[in-house]
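Below: the structure, in structure tokens.
Protein chains: 2
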Amino acid sequence: MTETVTLKVAMMCGGCEGAVRRVLNNMPGVQKVDIDLPSQKVVVTGDVTQDAVLQTVAKSGKKTELWPQ
Amino acid sequence: MTETVTLKVAMMCGGCEGAVRRVLNNMPGVQKVDIDLPSQKVVVTGDVTQDAVLQTVAKSGKKTELWPQ
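From first to last, the protein sequence lines are chains A and B. Quick note on full-length UniProt numbering: the first sequence kicks off at 1 and runs consecutively. Quick note on full-length UniProt numbering: the second sequence kicks off at 1 and runs consecutively.
Okay, here's the thing in structure tokens:
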């Protein structure tokens, strides 16, 4: 089932963005990763759960949280 | 046994450095992490192996290699 998970991830530069993109692209089930660096918004689409996406991004060492509603 | 592992890690800003420091500080056995951002040099001291340190840093999504001799 396709889910969309939106996170706020502490990213400061293109290197930060690249690292987050790399760990998410390596995650099973992920189909699409959209990142907007200025707003630190990361949108992940795929056969994934919110918890699994949060844990994967946390492994990158970046501070992360669900996008504030 | 205390080992010292020296890596070159692609880091561009303080956020990159912080992420690498965070994943290494969470790694079992690590006693000390020294990072020089301008030279992208990371020196890890502790009861660790070269392979395990490389794998841990790779999980951060940063490109990494052993420091060129």
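All residues carry an ideal CB built from backbone N, CA and C; glycine is no exception. Every value quoted in this text rests on a predicted model; they were computed, and no experiment measured them.
Cβ atoms of Leu-7 (chain B) and Thr-56 (chain B) stay farther apart than 8 Å, at about 10 Å. At a cut-off of 8 Å between beta carbons, Met-27 (chain A) makes no contact with chain B. Look at Gly-18 (chain B) here: in three-state DSSP terms it is helix. Interface annotation, Val-53 (chain B): not in contact with chain A, CB-CB separation never under 8 Å. The segment 40-56 of chain B makes contact with the segment 19-28 of chain B, as at least three CB pairs between them are under 8 Å. A residue is called buried when at least 16 other Cβ atoms come within 10 angstroms of its Cβ; Leu-24 (chain A) meets this threshold and is buried. At a beta-carbon threshold of 8 Å, the residues of chain A lying near Met-12 (chain B) are Cys-13, Gly-14, Gly-15, Cys-16, ordered along the chain.
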